[in-house]
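Okay, so here's the structure we're looking at.
In the working numbering, the protein residues as written are 1 to 145.
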């Protein structure tokens, strides 16, 4: 993550962290984990950072899901063009909703949330599963730092 981005997150506090976590959940190569650590290091209360990072990252995953669901054919074709995208589509086809248990992982996680939309995973399963994994990931990161 660039030093300017860290400074931006530190300057805007919780809102900056939420925005960084949102962007980090999309296919844009931004590390929401680095933003999370930077926000806590800048003095944002750990519980506040956990809440805002989880909210922003979950919202970004939901945006991926919606994009996959509404632009199914175009997004599916684009996913099939990348290695991690092909793996995400394959796992979603093979395992369905349980494939989302891997959505917290780097590299494959973002394509999995897109593939879940393409594969029409029910939103009632998608949202709590993805949100819970986001909270768990940031809680684990808090424990590590």
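Every residue, glycine too, gets a C-beta built ideally from N, C-alpha and C.
In this text the structure is predicted, and so the values were computed from the model without any measurement.
- Distances from the alpha-carbon of residue 66 to those of 129, 87, 142, 113 put 113 closest.
- In this structure, the CA atom of residue 53 is about 5 Å from the CA atom of residue 18.
- For residue 84, the enclosing alpha helix (DSSP H) stretches over residues 83-95.
- Residue 93 and residue 109 have their alpha carbons spaced roughly 15 Å apart.
- With fewer than 16 other CB atoms across the displayed protein chains lying within 10 angstroms of its CB, residue 145 is exposed.
- Residue 78 sits in a helix when the DSSP states are folded into three classes.
- Here residue 130 really is in contact with residue 100; their C-beta atoms are around 6 Å apart, less than 8 Å.
- Per DSSP, reduced to three states, the secondary structure at residue 32 is helical.
- Remark: fewer than three beta-carbon pairs, one from each stretch, lie closer than 8 Å, so the segment 30-46 and the segment 119-129 are not flagged as touching.
- The alpha-carbon of residue 44 is positioned some 22 Å away from that of residue 132.
- Residue environment analysis places residue 62 among the buried positions, since at least 16 neighbouring C-beta atoms fall within 10 angstroms of its C-beta.
- For residue 111, the enclosing alpha helix (DSSP H) starts and ends at 109-118.
- Ranked by Cα distance from residue 106, the first of 126, 84, 13, 125 is 84.
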